[in-house]
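Numbered according to our numbering, the sequence shown spans residues 29 to 300. We treat Cβ as the ideally placed atom computed from N, Cα and C, and that holds for glycine.
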Amino acid sequence: MIDKRTRAALFRARLAQALEGRSQSDLARATGLDRSTISALLAPGERLPNAQAAADCAAALGVSCDWLLGLTDRRDPPDHLAERAVTLVPAARALFDDTILAWHREAQGAKIRHVPATLPDLLKTPEVLAFEYRLPDAAIEAFEAQRQVLETGFPDFEIALPRHELVSFAAGTGYWSGLPAALRRAQLDHMAQRLETRYPAVRLYLFDAHRVFSAPVTVFGATRAVVYLGQQYLVFSDPAKVAEVARHFDHLVREASHPARATPDLIRGLAV
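Now the structure itself:
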């Protein structure tokens, strides 16, 4: 509970903040209130608006009525928050498009949780990248430079992958049909070595897709969770929803049959 004097002071401060750049006359015209009423609400004292006046001021200023009255710290109106809580963003068929790079930079230093669509790009050899994305050498070299920059910013990067994805890759079946066996063996050796040298900063867990399932998803710290749909990203920015997706990822980790430290040996066992 907040006493009336404290709430009135908070309301005045927030009303003045929301009004910044606009005049009291502008607000009076937008709300239908007298200019003297607006002045009184902004003057020192214990004056608080009635429900209608508070709602009109909030609507005219594009802020939450609850925020004006000190009931929440979220300034935006509920409909704006809902619109931003779940959004669709175009997804490019590329290694790291500008959107993904920006999300990684924003989350620098935070924990990243990642379920890739195939093998994790961060652990792929240039030959596998070229096979998968059909890109020229120059694009692969540019990605390598980006990858080095990104890796230095993430001391805690967890990856969860269905074990059958690695089995299919090792056998060269399905999605990986046509990739020469020598390149597949080199990729598995490279992945195992990278996981060993980067441990514990980068950890890969293998789960059984017969027991649990996950769409491709990345959780960027506590601020954003992104589900990859193919042509679009489904982006969650509401903290509660991000936490739910993070719990889903943590469940995948708990379902892994082996600890991350054992994953390199499991990968090498497939390279036959």
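Residues that residue i bridges to, as DSSP identifies them
i: residue 171; result: DSSP output for residue 171 lists no bridge partner at all.
i: residue 256; result: 261
i: residue 246; result: 142, 254
i: residue 301; result: With the chain running from 29 to 300 in the structure shown, residue 301 is simply not present.
i: residue 230; result: 185
i: residue 116; result: 262
i: residue 235; result: 190
Where residue i falls, given that 16 or more other Cβ within 10 Å makes a residue buried
i: residue 246; result: buried
i: residue 231; result: buried
i: residue 195; result: exposed
i: residue 12; result: An answer regarding residue 12 cannot be provided, because it is not within the stretch 29 to 300 covered by the chain.
i: residue 141; result: buried
i: residue 228; result: exposed
i: residue 235; result: buried
i: residue 291; result: buried
i: residue 205; result: exposed
i: residue 169; result: exposed
i: residue 143; result: buried
i: residue 201; result: exposed
i: residue 186; result: buried
Spatial distance of residue i from residue j (CA atoms)
i: residue 177; j: residue 62; result: 57 Å
i: residue 256; j: residue 197; result: 21 Å
i: residue 139; j: residue 285; result: 22 Å
i: residue 161; j: residue 103; result: 43 Å
i: residue 166; j: residue 54; result: 56 Å
i: residue 38; j: residue 243; result: 44 Å
i: residue 57; j: residue 127; result: 41 Å
i: residue 233; j: residue 120; result: 27 Å
i: residue 82; j: residue 36; result: 12 Å
i: residue 43; j: residue 31; result: 18 Å
i: residue 221; j: residue 251; result: 31 Å
i: residue 280; j: residue 117; result: 26 Å
i: residue 207; j: residue 137; result: 36 Å
i: residue 1; j: residue 90; result: The first residue shown for the chain is 29 and the last is 300, placing residue 1 beyond what the model contains.
i: residue 219; j: residue 269; result: 32 Å
i: residue 97; j: residue 263; result: 30 Å
i: residue 271; j: residue 283; result: 18 Å
i: residue 99; j: residue 296; result: 56 Å
Quiz item: Counting only runs that start and end within the stretch 31 to 94, where is the alpha helix (DSSP H) found for 4 or more residues in a row?
Solution: 32 to 47, 52 to 59, 63 to 70, 79 to 89
Self-check item: Inter-stretch contact at 8 Å, needing at least 3 Cβ pairs: the stretch 127 to 143 / the stretch 66 to 79
Solution: no
Quiz prompt | Stretch-stretch touch, CB-based, cutoff 8 Å, three pairs: the stretch 152 to 171 with the stretch 204 to 215 | solution = yes
Quiz item: Counting only runs that start and end within the stretch 142 to 217, where is the alpha helix (DSSP H) found for 4 or more residues in a row?
Solution: 154 to 161, 165 to 180, 191 to 199
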